[in-house]
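Here the structure is laid out as C-alpha coordinates; the discussion comes afterwards.
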Amino acid sequence: MPREHPPVGAVAGEVGVPFLEDGHDHRARHHARRRDLCAGDETLQSAARRMSELNIGSLPICGPDDRLHGIITDRDIVVKCLAKGKDPKVMTAGQLAQGKPVTIDVEADAGHVLQTMERDHIRRLPIISDHRLVGMISEADLARHLSEKQVGRFVEGVCATA
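All letters in the sequence shown, in the order written, are residues 13 to 174 by my numbering.
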(Lines of atoms letter the chains of each structure in order from A and count residues from 1; the text may use other names and numbers.)
(Lines give C-alpha, C1' and ligand atoms only; values in the text may rest on other atoms or scores of the structure.)
Protein backbone atom coordinates (compact mmCIF):
# COMPACT_ATOMS: atom_id res chain seq x y z
CA MET A 1 0.00 0.00 0.00
CA PRO A 2 1.60 3.35 -1.01
CA ARG A 3 2.26 5.96 1.65
CA GLU A 4 0.18 9.12 1.52
CA HIS A 5 3.23 11.18 2.53
CA PRO A 6 6.97 10.74 2.11
CA PRO A 7 8.64 9.03 5.07
CA VAL A 8 9.30 11.21 8.10
CA GLY A 9 12.60 12.97 7.65
CA ALA A 10 12.07 13.42 3.92
CA VAL A 11 12.21 16.92 2.56
CA ALA A 12 8.95 17.94 0.95
CA GLY A 13 10.43 21.04 -0.64
CA GLU A 14 8.19 23.91 -1.63
CA VAL A 15 5.06 21.87 -2.31
CA GLY A 16 2.71 20.13 0.06
CA VAL A 17 3.06 19.76 3.79
CA PRO A 18 6.40 20.66 5.35
CA PHE A 19 8.23 17.70 6.86
CA LEU A 20 10.75 17.52 9.63
CA GLU A 21 14.24 17.49 8.22
CA ASP A 22 16.42 16.37 11.13
CA GLY A 23 16.36 12.63 10.37
CA HIS A 24 14.70 11.52 13.64
CA ASP A 25 11.58 9.41 14.08
CA HIS A 26 8.85 11.99 14.46
CA ARG A 27 5.73 9.95 14.94
CA ALA A 28 3.20 11.55 17.25
CA ARG A 29 4.18 9.24 20.10
CA HIS A 30 7.57 10.94 20.35
CA HIS A 31 6.03 14.35 20.91
CA ALA A 32 3.31 13.34 23.34
CA ARG A 33 3.36 15.27 26.55
CA ARG A 34 2.31 13.67 29.81
CA ARG A 35 -1.17 12.20 29.84
CA ASP A 36 -1.57 12.98 33.57
CA LEU A 37 -2.25 16.63 32.72
CA CYS A 38 -5.95 15.95 32.07
CA ALA A 39 -8.57 18.24 33.52
CA GLY A 40 -12.07 16.99 34.13
CA ASP A 41 -14.13 17.83 37.16
CA GLU A 42 -11.57 20.27 38.57
CA THR A 43 -12.46 23.93 38.84
CA LEU A 44 -11.32 26.45 36.28
CA GLN A 45 -9.29 28.16 38.99
CA SER A 46 -7.40 24.92 39.61
CA ALA A 47 -6.95 24.32 35.87
CA ALA A 48 -5.64 27.88 35.38
CA ARG A 49 -3.22 27.43 38.27
CA ARG A 50 -1.84 24.22 36.73
CA MET A 51 -1.47 25.89 33.34
CA SER A 52 0.45 28.71 34.98
CA GLU A 53 2.70 26.38 36.99
CA LEU A 54 3.45 24.24 33.93
CA ASN A 55 3.76 27.21 31.55
CA ILE A 56 1.22 25.74 29.13
CA GLY A 57 -1.86 27.25 27.52
CA SER A 58 -4.22 24.29 27.48
CA LEU A 59 -5.27 21.10 29.21
CA PRO A 60 -7.16 18.16 27.74
CA ILE A 61 -10.52 17.43 29.35
CA CYS A 62 -10.95 13.72 30.05
CA GLY A 63 -13.51 11.55 31.73
CA PRO A 64 -12.67 8.85 34.28
CA ASP A 65 -12.23 6.40 31.36
CA ASP A 66 -9.34 8.52 29.90
CA ARG A 67 -11.46 9.35 26.87
CA LEU A 68 -11.05 12.86 25.55
CA HIS A 69 -14.07 15.15 25.93
CA GLY A 70 -12.45 18.41 24.87
CA ILE A 71 -9.62 20.84 25.43
CA ILE A 72 -9.66 23.87 27.69
CA THR A 73 -7.41 26.83 26.95
CA ASP A 74 -6.42 29.83 29.01
CA ARG A 75 -8.49 31.90 26.58
CA ASP A 76 -11.56 29.69 27.21
CA ILE A 77 -11.32 30.49 30.93
CA VAL A 78 -11.22 34.22 30.22
CA VAL A 79 -13.89 34.34 27.48
CA LYS A 80 -16.33 31.65 28.62
CA CYS A 81 -16.08 32.12 32.38
CA LEU A 82 -14.59 35.41 33.60
CA ALA A 83 -15.98 37.65 30.84
CA LYS A 84 -19.45 36.24 31.46
CA GLY A 85 -19.27 36.91 35.21
CA LYS A 86 -19.07 33.24 36.17
CA ASP A 87 -17.04 32.01 39.13
CA PRO A 88 -13.87 30.02 38.24
CA LYS A 89 -13.88 28.62 41.79
CA VAL A 90 -17.18 26.89 40.99
CA MET A 91 -17.23 26.27 37.23
CA THR A 92 -15.41 23.10 36.14
CA ALA A 93 -13.27 22.37 33.11
CA GLY A 94 -15.73 19.66 32.07
CA GLN A 95 -18.51 22.25 31.81
CA LEU A 96 -16.61 23.89 28.94
CA ALA A 97 -16.12 20.70 26.90
CA GLN A 98 -18.01 21.25 23.66
CA GLY A 99 -18.00 19.46 20.32
CA LYS A 100 -15.67 16.70 19.24
CA PRO A 101 -11.97 17.60 19.30
CA VAL A 102 -9.73 16.89 16.32
CA THR A 103 -7.28 14.12 17.29
CA ILE A 104 -4.41 12.14 15.79
CA ASP A 105 -3.31 8.53 16.22
CA VAL A 106 -0.17 7.89 18.22
CA GLU A 107 1.50 6.29 15.17
CA ALA A 108 0.87 9.24 12.82
CA ASP A 109 3.94 10.65 11.13
CA ALA A 110 5.01 14.28 11.37
CA GLY A 111 3.59 15.11 7.96
CA HIS A 112 0.14 13.94 8.99
CA VAL A 113 0.38 15.87 12.26
CA LEU A 114 1.29 19.09 10.44
CA GLN A 115 -1.34 18.56 7.75
CA THR A 116 -4.05 17.99 10.37
CA MET A 117 -3.10 21.07 12.40
CA GLU A 118 -2.95 23.24 9.27
CA ARG A 119 -6.19 21.89 7.78
CA ASP A 120 -8.15 22.46 10.98
CA HIS A 121 -6.29 25.65 11.99
CA ILE A 122 -5.47 24.27 15.43
CA ARG A 123 -2.46 24.86 17.66
CA ARG A 124 -2.90 21.86 19.95
CA LEU A 125 -3.52 18.28 18.87
CA PRO A 126 -4.51 15.45 21.23
CA ILE A 127 -2.78 12.12 20.59
CA ILE A 128 -5.00 9.04 20.82
CA SER A 129 -4.24 5.33 21.16
CA ASP A 130 -7.02 2.76 21.44
CA HIS A 131 -9.57 5.58 21.75
CA ARG A 132 -7.79 6.93 24.83
CA LEU A 133 -5.76 10.10 25.30
CA VAL A 134 -2.02 9.48 25.60
CA GLY A 135 -0.66 13.01 25.10
CA MET A 136 -0.78 16.36 23.33
CA ILE A 137 1.27 18.05 20.64
CA SER A 138 1.38 21.83 20.52
CA GLU A 139 2.71 24.14 17.85
CA ALA A 140 5.55 24.97 20.26
CA ASP A 141 6.49 21.26 20.43
CA LEU A 142 6.68 21.10 16.64
CA ALA A 143 8.46 24.43 16.28
CA ARG A 144 11.39 23.08 18.28
CA HIS A 145 11.95 20.51 15.51
CA LEU A 146 11.15 22.52 12.38
CA SER A 147 13.47 24.72 10.37
CA GLU A 148 12.79 28.45 10.44
CA LYS A 149 11.26 28.23 6.97
CA GLN A 150 9.01 25.34 8.01
CA VAL A 151 7.87 27.21 11.12
CA GLY A 152 6.88 30.14 8.90
CA ARG A 153 4.86 27.91 6.57
CA PHE A 154 3.28 26.08 9.49
CA VAL A 155 2.23 29.28 11.30
CA GLU A 156 0.92 30.72 8.05
CA GLY A 157 -1.11 27.55 7.45
CA VAL A 158 -2.56 27.43 10.96
CA CYS A 159 -3.33 31.15 11.15
CA ALA A 160 -4.76 31.48 7.61
CA THR A 161 -8.44 32.25 7.54
CA ALA A 162 -10.68 29.42 6.40
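Idealized CB from N, CA, C, for every residue including glycine.
CB contact flag (residue i, residue j, <7 Å)
i      : j      : result
PRO138 : THR104 : no
HIS133 : VAL90  : no
MET63  : ASP88  : no
ARG156 : MET148 : no
Sequence-distant residues of its chain with Cβ nearer than 6 Å to residue i (five each side left out)
i      : result
SER141 : VAL118
Of the residues the options, the one placed nearest residue i, counting alpha carbons only
i      : options                : result
GLU54  : GLY75, ALA95, ILE68    : GLY75
ARG61  : LYS101, SER150, HIS133 : LYS101
GLN110 : ASP99, HIS81, LYS92    : HIS81
LYS98  : GLU65, VAL167, LEU56   : LEU56
GLU3   : ARG156, GLY164, LEU71  : Here the chain covers residues 13 to 174 and nothing more, so residue 3 does not appear.
VAL146 : SER64, LEU71, GLU65    : LEU71
Reduced DSSP category for residue i - H, G, I as helix; E, B as strand; rest coil
i      : result
GLY6   : The structure shown does not extend to residue 6, since the chain is modelled only from 13 to 174, so the question has no answer here.
LEU94  : helix
ILE116 : strand
GLY52  : coil
HIS81  : strand
Contact set for residue i: own chain, Cβ-Cβ below 7 Å, skip 5 residues either direction
i      : result
ARG144 : ASP78, ARG79
PRO113 : LEU80, GLY82, ILE83, PRO138
8 Å Cβ shell around residue i - same chain, five flanking residues per side excluded
i     : result
ILE73 : CYS50, ALA51, GLY52, LEU80, HIS81, GLY82, ILE83, ILE84, ALA105, GLY106, LEU108, ALA109
Which runs of the beta strand (DSSP E) spanning at least 3 residues fall entirely within the region 127-155, listed in chain order?
-> 136-141, 144-150
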